[in-house]
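Q:
Residue numbers (the working numbering): 1485 to 1938.
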């Protein structure tokens, strides 16, 4: 549910900005205004991710998720009742604070609770939930596009309240992180939680006792010899982990995925679609592609490994971006009757359809690779005593990078057009080299065994 809220907030504004009654109520936003409205969420996410770290360490991962759900309910209500752009932006900022909490803490909570053999699968479920949130947002936008009043945009904004309230109440039935419990000397409670998570409630089995012993000894050693402050992140070997974690989040955003997810309606419009309904339908298909293409990662990422998954996804994304750029260039040239710029010879209609398909292929390639791995790797490479603070920094990097991409994308799409996707193709080629040279394989290692890699 935390991931679903995350995805819903990301996806909900993409089609709303094109809706007739949104434009009638708030006025037609230019490319800069669109960037501000969309990216206001990510600024809130940045601050929320940083604030969540000390809250998570002190009050538990579980309670921090509850706080995030409460803040999200407030932000959704503000957006639903917005009477001007400033109020809408404020509501999105408040929602961003909540998503910052959830995007930082939920992967940590999952990685600290999951067994090593299934950790990749469990954290990948977070990404799958994000894709479901995006898909649901796109679907609701499509359905609401037929409403002939301001409910056309208010209903999608207000429906964010539903999953946040459900998350708030379901957290009452979720266990605390066993590693957080051990770190705060609740050893008996940690044993019971591990028994519940590993042995169907049988806390006395040897496997539970051995895992509890390993967690206890690791955390005890860390407390005796190491600081849990942010400065600890800059010391060797944590500095390398921090660079890797921040680099993963930075590279994930500069795949350009949010340019496609948030501003695909503009691309579809440029490719010949004209009605709000047809654009919303194509966006809903985009969301469905995102959801379905995440499933292979959930099923097999712990078998494939992180490195091969990322390398394959990177090659595919780079290739499809290049083809998309060539198609968009040729489409523009054909429409302008300038055959000297035509690189791919198709009629205008076929070119538009093929370009939209390329968008879907980029999204599919991201969904099984950078989508889950971008969150999984930073959540598993840090030791317990600094994990929450470290992931707050890596998640903050994600949101700052996201802010830059979402703020500049509408401007770059307007001014650079197809060249933007050439740039993303080149960036992905660079990402391939970085992953190949610097990313170690982390599959099947316990969180305590990660020290051997660094």
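All C-beta atoms in this analysis are idealised placements derived from N, C-alpha and C, irrespective of residue type, glycine included.
Would you mind stating whether residue 1585 and residue 1552 have Cβ atoms separated by less than 8 Å?
A: Yes; because the gap between Cβ atoms is below 8 Å, this pair is in contact.
Q: Buried or exposed for residue 1853, going by 16 or more other Cβ atoms inside 10 Å?
A: Buried: at least 16 other Cβ atoms inside 10 Å.
Q: Could I get the ranges of all uninterrupted alpha helix (DSSP H) runs contained in the stretch 1705 to 1752, with 4 residues as the minimum, in chain order?
A: List check, alpha helix (DSSP H) in window: 1722 to 1737.
Q: Relative to the C-alpha of residue 1804, which candidate in 1704, 1787, 1497, 1843 has its C-alpha closest?
A: Measuring from the Cα of residue 1804, the nearest candidate turns out to be 1843.
Q: By alpha-carbon positions, which one of 1727, 1590, 1564, 1730 ends up nearest to residue 1578?
A: Comparing Cα-Cα distances from residue 1578 to each of 1727, 1590, 1564, 1730, the minimum goes to 1564.
Q: Can you tell me whether residue 2008 is buried or exposed, with buried defined as 16 or more other CB within 10 angstroms of its CB?
A: It is not possible to answer for residue 2008, since the shown part of the chain is limited to 1485 through 1938.
Q: So, are the CB atoms of residue 1862 and residue 1729 less than 8 Å apart?
A: Yes, the pair counts as a contact, with Cβ atoms nearer than the cut-off.
Q: For residue 1839, tell me which candidate among 1850, 1808, 1833 has the shortest Cα-Cα distance.
A: Answer by Cα proximity: 1808.
Q: By the three-class DSSP mapping on this structure, what secondary structure does residue 1541 have?
A: Looking at residue 1541 - three-state DSSP - the assignment turns out to be helix.
Q: Measure the C-alpha to C-alpha separation of residue 1914 and residue 1525 and round it to an integer number of angstroms.
A: So the two alpha carbons sit approximately 28 Å from each other.
Q: Just the C-alpha distance for residue 1642 and residue 1560, rounded to the nearest angstrom, thanks.
A: Straight-line Cα distance between these residues: approximately 6 Å.
Q: Terminal residues of the continuous alpha helix (DSSP H) containing residue 1676?
A: Note, residue 1676: alpha helix (DSSP H), 1671 to 1682.
Q: What residue range does the alpha helix (DSSP H) around residue 1492 cover?
A: Segment 1486 to 1500, the alpha helix (DSSP H) holding residue 1492.
Q: By the DSSP assignment, the alpha helix (DSSP H) with residue 1597 in it spans what residues?
A: From DSSP, the alpha helix (DSSP H) with residue 1597 extends over 1569 to 1597.
Q: Just reading off the alpha helix (DSSP H) that residue 1784 is part of, what are its end residues?
A: Note, residue 1784: alpha helix (DSSP H), 1760 to 1788.
Q: How is residue 1615 classed by DSSP in three states: helix, strand or coil?
A: DSSP places residue 1615 in helix when its eight states are reduced to three.
Q: Measure the CB-CB distance between residue 1682 and residue 1599 and report whether it falls below 8 Å.
A: In this structure, residue 1599 lies closer than 8 Å to residue 1682 by Cβ.
Q: In angstroms with no decimal places, state the Cα-to-Cα distance between residue 1892 and residue 1733.
A: About 18 Å.
Q: Helix or strand or just coil, what does DSSP make of residue 1895?
A: Reduced to three states, the DSSP call for residue 1895 is helix.
Q: Only counting runs of 4 or more residues, tell me where the alpha helix (DSSP H) segments fall wholly within the stretch 1612 to 1657, in order along the chain.
A: You should have 1635 to 1642, 1645 to 1654.
Q: Using CA atoms only, rank isn't needed, just tell me which of 1675, 1806, 1704, 1603 is closest to residue 1926.
A: Checked all of 1675, 1806, 1704, 1603; the closest Cα to residue 1926 is 1603.
Q: Roughly how many angstroms lie between the CA atoms of residue 1520 and residue 1573, to the nearest whole one?
A: Those two C-alpha atoms are separated by around 8 Å.
Q: Does the beta-carbon of residue 1694 have 16 or more other beta-carbons within 10 angstroms, so that it is buried, or is it exposed?
A: Exposed, by the Cβ-count rule.
Q: Residue 1882 to residue 1673, Cα distance in whole Å?
A: Distance between the alpha carbons of residue 1882 and residue 1673: 34 Å.
Q: Return yes when the Cβ of residue 1647 is within less than 8 Å of the Cβ of residue 1434, no when it is not.
A: What the structure shows of the chain is the stretch from 1485 to 1938, and residue 1434 is not part of that stretch, so it cannot be assessed.
Q: CB residue 1850 to CB residue 1741, shorter than 8 Å?
A: Yes. Within cutoff.
Q: Is residue 1923 helix, strand or coil by DSSP?
A: Coil, per DSSP.
Q: Once the 5 residues before and after residue 1676 are set aside, which same chain residues still bring their CB inside 6 Å of it?
A: For residue 1676, where only same-chain residues beyond five positions count, the Cβ hits under 6 Å are 1687.
Q: Taking 8 Å as the threshold (beta carbon to beta carbon), is residue 1913 in contact with chain C?
A: Of the protein chains in this structure there is only one, and it is not chain C.
Q: Please list the terminal residues of the continuous alpha helix (DSSP H) segment that includes residue 1860.
A: First-last of the alpha helix (DSSP H) with residue 1860: 1854 to 1864.
Q: If you run the structure through DSSP and keep just helix, strand and coil, what is residue 1792?
A: Three-state result, residue 1792: helix.
Q: Among the candidates 1737, 1779, 1575, 1722, whose CA atom is the shortest distance from the CA of residue 1890?
A: Ranking the options by Cα distance to residue 1890, first place goes to 1737.
Q: Straight-line CA distance for residue 1833 to residue 1756?
A: Each residue's alpha carbon lies about 7 Å from the other.
Q: Specify, as a first and last residue, the run of the alpha helix (DSSP H) that residue 1509 falls within.
A: Residues 1504 to 1510.
Q: Rounding to the nearest angstrom, what Cα-Cα distance links residue 1905 and residue 1507 in this structure?
A: Answer to the nearest angstrom: the Cα atoms are 28 Å apart.
Q: For the candidate residues 1813, 1775, 1718, whose alpha-carbon lies nearest to that of residue 1900?
A: Measuring from the Cα of residue 1900, the nearest candidate turns out to be 1813.
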